[in-house]
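Position one of the sequence shown corresponds to residue 229 (the numbering used here), numbered consecutively onward. Virtual Cβ for every residue (Gly too), placed ideally from N, Cα, C. Values in this document were obtained by computation on a predicted structure and should not be read as measured data.
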Amino acid sequence: MKKTILIAGLIAAGISNVHADDNKWSGTGTLGFSTTSGNTDPTTDVAGLAGKFENNNWITTASLDILQADSNGVDTADRYILAIKEGYKFSEKDYVFFSTRYENDNFTAFDYTWTNAVGWGHKFIDNDDKRLITEIGIGYKTSAFDIDRSKRSGTVVTGKLDFMHKFNDTMSFEDVLLIESTSDNTFVQNDAGLSFKVSDKAAIKLAHQWRYNSDAPVGTYGTDRLFSANLVYGF
229 MKKTILIAGL
239 IAAGISNVHA
249 DDNKWSGTGT
259 LGFSTTSGNT
269 DPTTDVAGLA
279 GKFENNNWIT
289 TASLDILQAD
299 SNGVDTADRY
309 ILAIKEGYKF
319 SEKDYVFFST
329 RYENDNFTAF
339 DYTWTNAVGW
349 GHKFIDNDDK
359 RLITEIGIGY
369 KTSAFDIDRS
379 KRSGTVVTGK
389 LDFMHKFNDT
399 MSFEDVLLIE
409 STSDNTFVQN
419 DAGLSFKVSD
429 KAAIKLAHQW
439 RYNSDAPVGT
449 YGTDRLFSAN
459 LVYGF
């Protein structure tokens, strides 16, 4: 837990300092409780921190997602995901990017995965009421197995779909689909959430996360589902 708090602090510091003169950072902090099925226990705490900077030339995003659970003082789930992307816009709707995503999980067969990719993104629509952005990339992914401490590395093709629709001033829906496909395994994560605004800065979010590995190691589930109720604070 101390490690994840430290990482969150570093991300927050970076968000406040990088491109500080432009003052165009925005972000959210999330804290919630959940029920799960798959490789994690039924009662779980979730937390997240995300920031985004964008001007006429650059797009920078950084996020940290934490999932933890314990039973009678014994940890039963411990996952954190750190993701950073730097993009350069060559038109109003198109950009190239470099992204890195590191996931550490102490309670699944994958000790960690680390994906680095370069690619192209396109904004079909991006305003306060609607968003539809797609990305495709190619890079290198390393997966470390907890069972025998072995590693598997190779070329990865990545894809991302980022969708948002605002129904009214109070309610909005978001869905983010991430795909990382290698010759050995295809990983898919879909995060969907329905948010209800309770103030200018705060919202209640009902979220569902679906994770899938096409070639899950023996003794583990190929699919995980996470249902959570969250308090989201914008800054």
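Which of helix, strand or coil DSSP assigns to residue i
i	result
PHE463	coil
GLU402	strand
ALA420	strand
ASP356	coil
VAL426	coil
GLU320	coil
ASP397	coil
LYS313	strand
ASN283	coil
THR410	coil
LYS252	coil
TYR449	coil
ALA236	With a pLDDT of 48 at ALA236, under the threshold of 50, the modelled position of this residue cannot be trusted; read the value that follows with caution. Three-state result, ALA236: helix.
ASN332	strand
ALA444	coil
C-beta contact flag for residue i and residue j at 8 Å
i	j	result
GLY349	GLY387	no
ILE312	ALA290	yes
ALA431	ALA420	no
TYR461	THR256	yes
LEU295	LEU459	no
ILE361	ASP390	yes
THR341	THR370	yes
ASN413	SER442	yes
LYS394	ASP357	yes
PHE373	ASP339	yes
Among the options, the one whose alpha carbon lies nearest that of residue i
i	options	result
LEU406	SER400, ASN332, ASN418	ASN418
VAL384	TYR368, LEU292, THR362	TYR368
ASN285	VAL324, GLY279, VAL426, ASP443	VAL324
THR272	ARG439, ASP357, SER254, ASP298	ASP298
Local Cβ density within 10 Å of residue i, reported as buried at 16 or more and exposed below that
i	result
SER423	buried
MET392	buried
ALA457	exposed
ASP249	With a pLDDT of only 49 at ASP249, under 50, the local geometry of the prediction cannot be trusted, and the value read off the model is given with reservation. So ASP249 counts as exposed.
ASP293	buried
GLY279	buried
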